[in-house]
Each structure stands twice: as structure tokens, then as C-alpha cells.
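Trainee:
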Amino acid sequence: MSVKNNNNYKSRQSGIFQFIIFSTIALILSSLMIFTPGAALVEFKNSTAPVVLDGRPILKVSSVGEYTAQKRAKLIEKKLLRAVSSSKPIRLKVKANEKLPTIWLNNTYLLTVTQKDVFPGSNLKEQTEIWVEKIEESVKIAQQERSLKFMGKTLTRIGLIINGAIAINWLLKLVWRKYLYQVILFVLGNYGIAHPEESKSLSILISLSLLVTRIALWVGTILYITNKFPLTRQFSYQFTDTLISTFTSPVIHLGNQTYSVPDILILVGLVWALIIGIGGITNVLRTRILRVTGINRGAQEVIATMTKYSLITIGVIVLLQVWGLDLSSITLLASALGVGIGLGFQDIARDFGSGLVLLFERPIQVGDFVEVGEYQGTVERIGARSTMIKTFDHVSIIVPNCRFLEAELINWDHDHPVSALRLPVGVAYGSNVEEVRQGLLDAAAASYPDVLSIPEPQVLFIEFGDSSLNFELRVWTAEPSKQEIIRSDLYFKIEAILRERQIEIPFPQQDLHLRSGNLPIDLSPRMEEILMQFFQQRTNGKKVNLTGKEERN
Numbered sequence: 012m013s014v015k016n017n018n019n020y021k022s023r024q025s026g027i028f029q030f031i032i033f034s035t036i037a038l039i040l041s042s043l044m045i046f047t048p049g050a051a052l053v054e055f056k057n058s059t060a061p062v063v064l065d066g067r068p069i070l071k072v073s074s075v076g077e078y079t080a081q082k083r084a085k086l087i088e089k090k091l092l093r094a095v096s097s098s099k100p101i102r103l104k105v106k107a108n109e110k111l112p113t114i115w116l117n118n119t120y121l122l123t124v125t126q127k128d129v130f131p132g133s134n135l136k137e138q139t140e141i142w143v144e145k146i147e148e149s150v151k152i153a154q155q156e157r158s159l160k161f162m163g164k165t166l167t168r169i170g171l172i173i174n175g176a177i178a179i180n181w182l183l184k185l186v187w188r189k190y191l192y193q194v195i196l197f198v199l200g201n202y203g204i205a206h207p208e209e210s211k212s213l214s215i216l217i218s219l220s221l222l223v224t225r226i227a228l229w230v231g232t233i234l235y236i237t238n239k240f241p242l243t244r245q246f247s248y249q250f251t252d253t254l255i256s257t258f259t260s261p262v263i264h265l266g267n268q269t270y271s272v273p274d275i276l277i278l279v280g281l282v283w284a285l286i287i288g289i290g291g292i293t294n295v296l297r298t299r300i301l302r303v304t305g306i307n308r309g310a311q312e313v314i315a316t317m318t319k320y321s322l323i324t325i326g327v328i329v330l331l332q333v334w335g336l337d338l339s340s341i342t343l344l345a346s347a348l349g350v351g352i353g354l355g356f357q358d359i360a361r362d363f364g365s366g367l368v369l370l371f372e373r374p375i376q377v378g379d380f381v382e383v384g385e386y387q388g389t390v391e392r393i394g395a396r397s398t399m400i401k402t403f404d405h406v407s408i409i410v411p412n413c414r415f416l417e418a419e420l421i422n423w424d425h426d427h428p429v430s431a432l433r434l435p436v437g438v439a440y441g442s443n444v445e446e447v448r449q450g451l452l453d454a455a456a457a458s459y460p461d462v463l464s465i466p467e468p469q470v471l472f473i474e475f476g477d478s479s480l481n482f483e484l485r486v487w488t489a490e491p492s493k494q495e496i497i498r499s500d501l502y503f504k505i506e507a508i509l510r511e512r513q514i515e516i517p518f519p520q521q522d523l524h525l526r527s528g529n530l531p532i533d534l535s536p537r538m539e540e541i542l543m544q545f546f547q548q549r550t551n552g553k554k555v556n557l558t559g560k561e562e563r564n
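Residue numbers (our numbering): 12 to 564.
1) Hey, quick one: how far does the beta strand (DSSP E) through Trp487 stretch, first residue to last?
2) Taking only three categories from DSSP, how would you classify Pro100?
3) On the premise that Ala80 lies in contact with Ser58, defined as a C-beta separation below 8 Å, what is that separation, rounded to the nearest angstrom?
4) Taking the alpha-carbon positions, what's the Ile323 to Ile400 distance?
5) Short of 7 Å in beta carbon distance, which residues of its chain neighbour Pro491, apart from the five on each side in sequence? Order them along the chain.
6) In whole angstroms, what separates the C-alpha of Gln548 from that of Ile516?
7) Inspect the CB distances between the stretch 469-489 and the stretch 383-399 and report whether three or more fall short of 8 Å.
8) Helix or strand or just coil, what does DSSP make of Phe46?
9) Look at Leu370 and Met317 and say whether their C-beta atoms are less than 9 Å apart.
10) Would you tell me roughly how many angstroms separate the C-alpha atoms of Trp181 and Thr165, rounded to the nearest one?
11) Excluding the 5 residues flanking Phe363 on each side, which residues of the same chain have their C-beta closer than 7 Å to its C-beta?
12) Smallest Cα separation from Asn118: which of Lys127, Phe246, Ala94 and Ile226?
13) Does the stretch 473-490 come into contact with the stretch 432-447, if we say contact requires no fewer than three beta-carbon pairs (one atom in each stretch) closer than 8 Å?
14) In whole angstroms, what separates the C-alpha of Glu419 from that of Leu463?
15) State buried or exposed for Glu372, treating a residue as buried only when at least 16 other CB atoms are found within 10 Å of its CB.
16) Tell me whether Val186 is buried or exposed, calling it buried when 16 or more other Cβ atoms sit within 10 Å of its Cβ.
17) Considering only residues of the same chain and omitting the five flanking positions on each side of Leu501, which have a CB-CB separation below 8 Å?
18) Is it buried or exposed for Pro374, if we count other Cβ within 10 angstroms and need 16 for buried?
19) Check for me: the alpha helix (DSSP H) holding Thr577 runs from which residue to which?
20) State the Cα-Cα distance for the pair Arg414 and Gln387, rounded to the nearest angstrom.
21) Under a Cβ-count criterion, where at least 16 other Cβ atoms within 10 Å of its own Cβ denotes burial, should Ala84 be classed as buried or exposed?
22) Looking at the structure shown, is Thr389 part of a helix, part of a strand, or coil, going by DSSP?
23) Going by DSSP, what residues sit across from Trp142 in a beta bridge?
24) Taking the Cβ atom as the reference point for each residue, do Leu276 and Leu330 lie within a distance shorter than 9 Å?
25) Leaving out five residues on either side along the sequence, give the residues of the same chain with a beta carbon under 7 Å from the beta carbon of Arg361.
26) Expressed to the nearest angstrom, what Euclidean distance is found between the alpha-carbon atoms of Gln126 and Leu135?
27) Quick one: Cα of Ser365 to Cα of Gly450, how far?
28) Hey, Lys89 and Leu121 are a contact pair by Cβ (cut 8 Å); roughly how many whole angstroms apart?
29) Comparing C-alpha positions only, which one of Leu219, Ser247 and Lys82 sits nearest to Gly8?
30) On a CA-only basis, which of Val410, Phe475 and Leu416 is nearest Ala439? Give me that one, please.
31) Run the CB neighbour count on Phe240, radius 10 Å, all protein chains shown included, and call it buried at 16 or more, exposed below.
32) Between Thr243 and Thr251, which are expected to be in contact by the criterion C-beta below 8 Å, what is the C-beta distance as a whole number of angstroms?
33) The alpha helix (DSSP H) that contains Arg93, what's its start and end?
34) Tell me whether Ala60 is buried or exposed, calling it buried when 16 or more other Cβ atoms sit within 10 Å of its Cβ.
35) Which residue wins for smallest C-alpha separation from Ile287, given the options Val327, Ser260 and Val313?
36) Based on the DSSP output, what are the partners of Ile409 in its beta bridges?
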């Protein structure tokens with residue numbers, strides 16, 4: 012029951028994290044699509060620059076003669092700031108200079124409207140009228156925002172906004188866990204917690220989402236405050252403009268194409284989404300289609316793996332072509348990457364090459380029981396770089412593919428799964444060897460179907476041991492992955508049968524034989540005399556040393 016609950020927990024936890032991952036991917040791709048550099052590139056190509064007053068773009072001007080668009084915009088901004096700093100009402104006037112109209116501010120020349128400044132579908136007169144209205148409105152707003160009355164109202168409003176943000180931040184801590192927890196359970200289709208680890212995972216998720224929400228709250232509050240004052244709004248605009256121009260400026264030149272940071276990020280996101288999608292397709296192919304065909308697991312894994320990497324290769328090539336990347340322009344880059352892989356990623360490249368050999372030569376297949384080095388287990392998955400083996404303890408071991416080709420590999424399931432088990436058995440001297448032989452065969456017969464009847468079990472008399480007669484029971488099984496369990500069952504049956512038939516299983520022992528008689532020791536006459544004198548004095552109560560002299564107390 013606990014195993015089932017654990018499996019349910021793992022599946023639910025997997026669903027939670029898959030939901031988080033795919034939501035994050037969608038959010039990132041959506042954000043990247045917002046910051047695509049198309050507008051910046053068009054603006055760059057058209058050589059236009061915005062005229063900004065207090066952080067608000069008013070209009071866009073183009074280059075004229077020796078004046079670039081940027082220089083022209085800066086000159087206009089200075090004149091507008093000079094007019095805004097005065098509290099006097101502004102006067103705008105349009106004068107015709109030959110064929111080009113000019114705009115004058117407080118009897119001072121401001122700008123000339125050129126044909127390049129005209130938007131498509133408009134003319135010089137209409138464009139001039141639009142600009143006059145925008146300039147007049149923007150200057151009036153800028154003058155109003157510099158008044159003491161506006162500053163007082165704005166500070167009061169900002170105080171209320173800050174207090175509201177503090178209150179919302181405090182309320183989020185109280186209600187976030189309860190309501191968000193229920194929303195997540197509703198979205199995931201769960202109505203209870205069956206495992207404490209799942210509750211821990213949801214708590215971490217809720218804490219992270221609460222942190223992100225609080226950060227978004229205060230970032231929005233700060234942006235709102237900075238947008239209320241001319242100086243801070245101007246700084247915010249400059250910072251944002253610098254940040255966007257930095258990210259949208261070309262960083263990679265391939266052929267005739269240039270690519271910015273958002274271009275690269277979007278391309279990486281699309282490739283990642285492609286890999287995830289193809290992984291899902293191959294999983295459906297493996298579990299829904301190949302499984303019903305009846306082919307073995309090894310062939311299913313080979314077909315699924317080759318399909319996966321073939322689709323990824325084709326998909327990446329098509330995606331690069333659709334993206335507008337000329338593959339011939341990255342030939343040099345591919346060569347450099349090849350050299351880098353050859354020098355810095357030799358082991359990884361060797362593992363990938365070994366994976367291809369394993370897929371085509373198939374010395375091992377999924378489901379085979381193998382032994383490589385000190386590891387024994389069943390092959391669960393053969394990947395491009397590594398192979399997963401599950402041991403008897405249900406521990407998954409990731410083995411690099413090169414180890415299967417560089418070292419000796421034992422595959423009990425290669426060609427056919429039938430393999431032999433050898434069980435040494437020792438009985439006491441004096442036992443009836445025919446009864447021993449029959450008892451071992453009866454134990455093997457009682458283990459059917461784990462032990463095959465064909466080939467027939469065999470009992471071999473190996474040797475006369477130091478303390479036992481040594482036999483070997485040799486049986487065959489079609490399930491080598493269960494050899495430890497089969498061996499244990501056989502020993503249980505052998506012990507019970509031998510005990511029932513009163514056949515002793517000895518333990519290692521050694522016998523020491525002592526021979527009776529005189530010790531073959533030769534003594535000299537002088538030594539015999541001293542010994543005799545010593546024993547006589549002992550009987551008379553005197554002590555005599557071995558030199559024959561008496562000792563005094």
C-alpha cells in the first residue's frame with residue numbers, strides 16, 4: 012500500500028513540476044516575443060530618433076543634411092526644456108520656409124518639418140499640425156508638473172499608494188497560502204494530500220510565488236512613483252531605453268544577418284520547446300504504438316531513440332532555416348565547435364559514439380540482465396550518452412556507455428536467456444552419496460518453474476574435502492535476473508531435504524592425535540645426576556638449584 016501511495020505521490024509531484032516548467036517556458040517565450048527587436052531595427056534603418064520631454068516621447072525626427080537624427084532631437088529637447096522652465100505660457104507659430112514649414116517656440120526657431128519626417132499617408136501640412144498640437148500639449152503638462160500645487164497632490168497620492176502597498180503586502184502573507192493552495196489543487200485535479208513530501212513541495216511553490224508577487228508589487232509601486240515626477244521619469248526612460256538598446260543591438264553577425272540577445276534567447280527557447288515536444292512524441296511512440304506491436308523492449312528502445320534524435324536533427328535544421336540563418340555561414344563555427352568537442356569533450360564524445368555502437372550492434376538491450384564491473388542489474392534505458400541499470404535493490408545506476416565497450420561485459424540474456432547456476436554442497440564423511448545425489452535432484456525438481464527441467468539438473472561429485480564430501484548442484488534458469496532468489500530457495504530446500512534424510516552437513520574441523528610412550532629425549536650423565544639430586548632434595552624439603560648446590564632461605 013505504501014508503494015502505491017509513493018507512486019501516486021511521485022506522479023502528482025511530476026505533474027506539479029511539469030505544470031511549473033511549461034508555465035515558465037510559456038511566460039519566458041511570451042516575454043521574449045514582446046521584446047523582439049523588430050521595431051528597433053526598423054527605427055535604426057530609418058535613421059530616426061525620438062524627441063523626449065520629461066521621459067515622454069513627443070515625436071520622432073529624421074536626419075537632415077549634416078545633422079543626424081540623434082543630434083537634431085537633442086537640440087529640440089534643449090529648447091523645449093528652456094521653455095518649460097519658465098512659467099509663462101508658450102506661443103507656437105508655423106512659418107513657411109520655401110517649401111518646408113518651420114515651427115517657432117516663443118519667437119525662437121524650434122525645428123523644420125522635412126519630407127523624411129512625414130508618416131506614410133500624410134503630408135507636410137498635416138504632419139506639422141500634428142506636431143504643433145503634441146508640442147503644445149506636452150509643454151503645458153510639463154509646466155503643470157513643476158508647480159507646487161501638483162507636487163503637493165502627487166506627494167499625497169504617493170503616500171496613499173505606499174500605505175496601500177504595505178497593506179497589500181501584509182494581506183498577501185495572510186491569505187496567499189490558503190487561497191493559492193486551493194487554486195493549485197483545483198488546477199492539478201487533486202483534492203487532498205496523501206504524502207507529506209507533496210505538502211512540502213506545494214509549500215515551497217507557494218512561498219516562491221508569494222515572493223515573486225511581493226517583488227512585482229513593489230516594482231510596480233516604484234515604477235508608478237517614478238512615473239509621477241519629471242526628473243525620475245526622465246531617468247527611468249533613459250535607463251529603459253539604454254537597457255532595450257543594449258539587448259536589441261546586434262551581437263552576432265552570420266553572413267548578411269545580424270542577431271541580438273532576444274533573437275538568440277527566442278531561438279534557444281524554440282529549440283528547447285522542440286526538444287521537449289519531440290520527447291513527448293517519442294514517449295507516445297514507445298508507450299502507445301511500439302508496445303502493442305509485440306516487439307521486444309530492446310528493439311522498441313532502439314526505434315524510439317533513433318526516431319527522437321533524427322527528429323531533433325531535422326527539426327533544428329528546419330528551425331534554423333525558417334529563422335533565416337544561412338547554414339553555410341556557420342560552417343566555420345561548426346568546425347571550431349568540432350575542434351572544441353574533440354579537445355575539451357573527449358569523454359562525452361566517446362560516450363555518444365559508444366551509444367551509437369550499442370544501438371546498432373546491440374550487445375545489450377533493454378530488459379537484459381548484465382554485469383559490468385562491480386554492478387549487476389537489469390538494463391532499463393539505453394541513452395545517447397549513458398545507460399541506466401536497476402540493481403536487485405531497485406537502485407538506478409547511470410553507467411557511461413563507453414564502459415560497456417572498454418571492459419568485459421557479462422550479459423546473461425544475450426542470444427538466449429538460459430543460464431546455469433552452480434550451488435556447492437558439502438556433506439559429512441560416511442554419508443550415502445546416492446542419497447545425497449537424489450536429495451539434491453529432488454530439491455531442484457521442487458523449484459520448478461524457476462529451475463528448468465530441460466536441460467536437466469546435474470549433481471557432480473567434486474572432491475574429497477578436508478572435512479566434507481563436496482558436491483555441486485548445477486541447474487538452469489530462464490530468468491537470470493532472479494538468480495539470487497532462486498539460489499536462496501534452492502538452499503532452503505536442500506537444507507530441509509538433507510535434515511529430513513538425516514544427512515549431516517559438517518562444519519570445518521581438525522583432529523589432533525597424541526601418541527602415548529616415552530619422549531625421545533637424550534640427557535647427559537651429569538644432567539641426569541643433577542635432576543635425580545633435585546628430585547631427592549625436593550622430597551626431603553630442601554631446595555637445590557640446577558647446579559647441584561643448596562639454596563638458603
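Beta carbons: idealized from backbone N, C-alpha and C, even for Gly.
Mentor: Result, derived from the coordinates:
1) Leu480 to Thr488
2) coil
3) 5 Å
4) 26 Å
5) Phe380, Trp423, Asp424, Pro428 and Ser430
6) 57 Å
7) no
8) For Phe46, the predicted model reports a pLDDT of 42, less than 50, meaning its position is unreliable and no value from the coordinates is stated.
9) yes
10) 24 Å
11) Ala395 and Arg396
12) Ala94
13) yes
14) 28 Å
15) exposed
16) exposed
17) Leu432, Leu434, Ala454, Ala455, Ser458, Val462, Leu484 and Val486
18) exposed
19) Limits of the chain in this structure are 12 at one end and 564 at the other, which puts residue 577 out of reach.
20) 14 Å
21) buried
22) strand
23) Trp142 is not bridged to any residue.
24) no
25) Cys413
26) 7 Å
27) 48 Å
28) In fact, because the Cβ distance is near 11 Å, the residues do not count as touching under 8 Å.
29) Within the shown structure, residues of the chain are numbered from 12 to 564, placing residue 8 beyond reach of any answer.
30) Phe475
31) buried
32) That belief does not hold up - the Cβ atoms of Thr243 and Thr251 are roughly 12 Å apart, past 8 Å.
33) Ala80 to Val95
34) buried
35) Val327
36) Met399
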